[in-house]
Amino acid sequence: MILPEYDNQCGWYELLNNVSSFPPLEDQATFHTVVIGGGFVGNAAARRLAENLPDEPFLLIDALKIGQGASGRNSGFVIDQPHKRELELSSDAHKAKIVRLNRTAIEYFETQIDKYGIECQWSKAGKYQAAVGERGEKHLANYEHLLKQGNEVYHRLSAEEMRNVFGTDYYSAAIYTPGGMLMQPAALMRGLADNMPSNVRVVEETPISEIERTGTGFVLTANNGAKVRCRHIILATNIFTPELGFMRNRILPVMTFASMTRPLSEAEMSVYGGQTDWGLTPADHAGTTVRMTQDRRLIIRNSYRYAHDYNTPAHLLPKMKLRHREGFLARYPHLKDVEFEYTWGGASGLSGNFETFFGKVEEGVYASCCDQSVGAARGTISGMMLADMVAGRHGQLLQDMVEVSGNPSWLPPKIFLRVGVPLRMQMARFASRSEL
Ligand SMILES: Cc1cc2nc3c(=O)[nH]c(=O)nc-3n(C[C@H](O)[C@H](O)[C@H](O)COP(=O)(O)OP(=O)(O)OC[C@H]3O[C@@H](n4cnc5c(N)ncnc54)[C@H](O)[C@@H]3O)c2cc1C
91 MILPEYDNQC GWYELLNNVS SFPPLEDQAT FHTVVIGGGF VGNAAARRLA ENLPDEPFLL
151 IDALKIGQGA SGRNSGFVID QPHKRELELS SDAHKAKIVR LNRTAIEYFE TQIDKYGIEC
211 QWSKAGKYQA AVGERGEKHL ANYEHLLKQG NEVYHRLSAE EMRNVFGTDY YSAAIYTPGG
271 MLMQPAALMR GLADNMPSNV RVVEETPISE IERTGTGFVL TANNGAKVRC RHIILATNIF
331 TPELGFMRNR ILPVMTFASM TRPLSEAEMS VYGGQTDWGL TPADHAGTTV RMTQDRRLII
391 RNSYRYAHDY NTPAHLLPKM KLRHREGFLA RYPHLKDVEF EYTWGGASGL SGNFETFFGK
451 VEEGVYASCC DQSVGAARGT ISGMMLADMV AGRHGQLLQD MVEVSGNPSW LPPKIFLRVG
511 VPLRMQMARF ASRSEL
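Just so we're on the same page, the numbering used here is the position in the sequence shown counted from 1, plus 90.
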């Protein structure tokens, strides 16, 4: 069985101060529902369960410290718009539902951040989508067309505006949409876990290794031997779900990598010439995501690999760092003395047919997975709606959630994926080679 591992490399997590401590599970206890996995899905599910059923006890349990998994390792965009394939391929009604669901997740984050004073660089910074060269511009024109179709507010930047925000002339075109948020993901995940309602017990560094069905529910065994009983299980375990025996051959684990610089000095900020607190995603899907944080760190994210081994192989990081360096210097040759302080990888769950999964897997077992790598908003609203499903609360949002979700297709055996997926990724990288 492959379990999540933490490699001490993720910049977001490593920069946290005073990380709280939730003790591992050691006793035997009984809960109404156990939420396995403390990422976006699990965090939201546990809180909403506690709100729905304030007199019942719940357990939120993670194999790692909360914030060390993918939800604490991402680029920190909380996107309100449908993304990539969902934007390109789905109907207007489908897209409107996704926007409504994502915006509900954003409101949920804002409520918790305000209520508990969570310091996580949360910002209504919006999102830039930027193009490099002819191929990127073609993708951007299509994006603009889709935004127009959806009556979404956006702004096309002039060359001067791009230079003033991004501090580089690297991009040939860019579009700004105001709805997206930026945040420090590990800080957000810790802040949410630290402020769980009192009927949620949080347990960390305790992987669940076995799920056994009994007459009235389940017995879960942790790999330290501790056991818990419950009536319902929410699997918020993302790409690790098949390791617990569910959604086998349906989740495609894909890893991407990021590097973060040290903070720019005052003098380097004037050489840079751009703003702080912005984030751009590439118009061309295989391109590079770039962020400038509130604390003056630049982040470069690109490259994909088929993550058959789920966790980040340490030997790949130096190669990824070099690739990020190339992308960084292409954009910021004037900042050549600014080194990367951290480089890390993280894996998301995709599916073969771009469908996400949400709902009941079998009696008493619920899951959300294959979020196609936009889990901040989508995972959060999925977790909330799974909690409503478990509590028997059926509203419009839950109905919309069911309607925008689907059935991830069966994937070929791993042995074929290990050849086929890297080949497709290499082809995509070659096609997008004009952007470093
Ligand atoms: C580099 C990178 C950049 C990204 N950028 C963005 C972005 O900007 N915006 C965005 O929306 N999305 C982004 N994503 C995707 C996003 O991070 C994921 O979609 C999201 O984190 C998935 O959330 P989750 O709750 O489903 O899973 P996870 O965050 O993976 O949580 C699953 C949890 O389950 C735990 N677990 C697994 N197995 C067990 C077990 N047996 N017992 C106990 N616990 C277990 C794991 O430790 C983990 O904490 C990015 C991803 C990466 C890697």
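Glycine residues also receive a C-beta, built at the ideal position from the N, C-alpha and C atoms.
If you draw a straight line from the alpha carbon of residue i to that of residue j, how long is it in whole angstroms?
i: G315; j: F148; result: 20 Å
i: F430; j: H424; result: 15 Å
i: A521; j: Q462; result: 21 Å
i: E416; j: A373; result: 19 Å
i: I298; j: E178; result: 38 Å
i: P502; j: R225; result: 31 Å
i: E95; j: V309; result: 24 Å
i: G132; j: I324; result: 8 Å
i: S349; j: A518; result: 21 Å
i: D490; j: H184; result: 9 Å
i: C100; j: Y266; result: 28 Å
i: C210; j: L278; result: 5 Å
i: F336; j: D145; result: 29 Å
i: E227; j: Y244; result: 16 Å
i: T120; j: D284; result: 22 Å
i: S262; j: E452; result: 50 Å
i: E358; j: Q384; result: 15 Å
i: Q486; j: P408; result: 48 Å
i: L247; j: G157; result: 35 Å
i: T470; j: A326; result: 10 Å
i: I73; j: G482; result: Because the chain in this structure spans residues 91 to 526, residue 73 falls outside the shown range and cannot be described.
i: D182; j: F167; result: 23 Å
i: S360; j: T331; result: 47 Å
i: M515; j: L406; result: 16 Å
i: R352; j: V455; result: 43 Å
Applying the 10 Å Cβ sphere with the 16-neighbour rule, what's the burial state of residue i?
i: N249; result: Correcting the residue type first, residue 249 is Ala in the shown sequence and not Asn. So A249 ends up on the exposed side.
i: K525; result: According to the sequence as given, residue 525 is Glu; it is not Lys. Buried: at least 16 other Cβ atoms inside 10 Å.
i: Y422; result: buried
i: H322; result: buried
i: T304; result: exposed
i: L191; result: buried
i: N254; result: exposed
i: V292; result: buried
i: F447; result: buried
i: I505; result: exposed
i: D204; result: exposed
i: L412; result: exposed
i: T201; result: exposed
i: G281; result: buried
i: K450; result: exposed
i: V509; result: exposed
i: L513; result: exposed
i: G127; result: buried
i: Q365; result: exposed
i: Y432; result: buried
i: D427; result: exposed
i: P172; result: buried
i: N497; result: exposed
i: Q219; result: buried
i: H229; result: buried
Report back the beta-carbon spacing between residue i and residue j to the nearest angstrom; my notes put them in contact at under 8 Å.
i: Y400; j: I92; result: 5 Å
i: A466; j: N164; result: 7 Å
i: R386; j: L354; result: 4 Å
i: M345; j: G436; result: 7 Å
i: G162; j: P275; result: 5 Å
i: A215; j: G369; result: 7 Å
i: L115; j: T296; result: 5 Å
i: G270; j: I169; result: 5 Å
i: V109; j: K155; result: 7 Å
i: V125; j: V318; result: So it is not a contact: roughly 12 Å between Cβ atoms.
If we define contact as Cβ-Cβ less than 8 Å, is residue i a contact residue for chain C?
i: L407; result: Chain labels in this structure do not include chain C; a single protein chain is all it has.
Note to self: Which complete alpha helix (DSSP H) runs does the segment 387-458 hold, if anything under 4 residues is left out?
What the structure shows: Taken in chain order, the complete alpha helix (DSSP H) segments of 4 or more residues contained in the segment 387-458 are 407-421.
Query raised in the report: Unbroken alpha helix (DSSP H) runs of length 4 or more, entirely within the segment 197-253: which are they?
Result: Taking only runs of at least 4 residues, the alpha helix (DSSP H) segments lying wholly in the segment 197-253 are 223-239.
Practice item. Mind listing, in chain order, the continuous beta strand (DSSP E) runs of no fewer than 3 residues lying wholly within the segment 127-168? Key: As summarised for the segment 127-168, the continuous beta strand (DSSP E) elements at least 3 residues long and confined to that stretch are 148-151, given in chain order.
- Please specify which runs of the beta strand (DSSP E), each continuous and at least 3 residues long, are wholly inside the segment 315-398, giving them in chain order. As summarised for the segment 315-398, the continuous beta strand (DSSP E) elements at least 3 residues long and confined to that stretch are 317-325, 342-351, 368-372, 379-382 and 388-396, given in chain order.
- Item | Start-end ranges of the beta strand (DSSP E) lying completely within the segment 258-308, minimum 3 residues | Listed in chain order, they are 263-267, 290-293 and 298-303.
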